[in-house]
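Scroll down for the structure; my scribbles are underneath it.
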Amino acid sequence: HKFPISSQILPAEFEYSSYPRVSPFAYLGSRVTNSKGLQLLAGRVNIFLEGDFVGFSSIANIAPSEEFDLYLGIDENVKVKRELLEKKVDETLIAGILSRTKKTTFKYKLTVENYKSKKIKVKLFEAIPVSEDDRIKIKIDEIGLEPDKEDWEDRKGIWLWELELDTQQKQEIFYTFTVEHPRDMLVEGL
């Protein structure tokens, strides 16, 4: 038999995370503070948000005043999209002969939309190609909004934007990069 040990309302800070190259969703996470004077025991917890049951999770022992993270899943009221707007291949001819290198330019648009009735914070992650081969050159041509962090947590090529969106607000971010490599080399995953 199961029975509740305790029911508590704890203060939390909420933030969304999204990685649109992998998933078109925004995931809600929270940083919760055990503001009660008692230790929270390890085990399964039911999570309610604004009075609605949103799921359950497991926690370790949490000391008084300790902070911990809870992840609350996808929120359909925050829309995220990644679009390839343009892919242009430069087949440069020099005196009627194809050049030895091939240049491909990519233009992307990232869109985040807030359909919630309140302001939200969103961490938007994007992977930018990084070459580990000297024969492949990558050049960032244009960034509409500079990322807050490049090489996030020392991960090469991971950009992070920390956005705040008012209700019904849309944020668009454009960026363009060019990949240059020997014509006979196959480059994938862009």
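In the numbering used here, the protein residues as written are 59 to 248.
We treat Cβ as the ideally placed atom computed from N, Cα and C, and that holds for glycine.
Model, not experiment: these values are computed from the prediction.
Classification of Asn172 by the beta-carbon crowding that lies within 10 angstroms, buried from 16 upward
buried
By how many angstroms is the C-alpha of Arg89 removed from the C-alpha of Gln97?
For Gln97 and Arg89, the distance between alpha carbons rounds to 17 Å.
Leu168, buried or exposed, once every other Cβ within 10 Å from all chains shown has been counted against 16
buried
On the DSSP bridge list, what partners appear for Ser115?
Partner(s): Val103.
My output table needs one value for Glu184: the three-state DSSP class, helix, strand or coil.
Three-state DSSP puts Glu184 in a strand.
How would you call Pro46, buried or exposed, if buried means at least 16 neighbouring beta carbons within 10 angstroms?
Nothing in the structure corresponds to residue 46, since the chain is present only between 59 and 248.
Kindly list the residues whose CB is nearer than 6 Å to the CB of Ser157, restricted to its own chain and excluding five residues on each side of it in sequence; keep chain order.
Thr150
Apart from the five residues just before and just after Ala118, which ones in its own chain have a Cβ nearer than 6 Å to its Cβ?
Ala100
Please look up how many angstroms separate the CB atoms of Pro122 and Gly95, rounded, as I've assumed it's under 8 Å.
5 Å
When Lys197, Tyr129 and Asp209 are compared against Gly87, the one with the closest alpha-carbon:
Answer by Cα proximity: Tyr129.
Please tell me whether Leu218 and Val180 are closer than 8 Å, where the distance is taken between their beta carbons.
no
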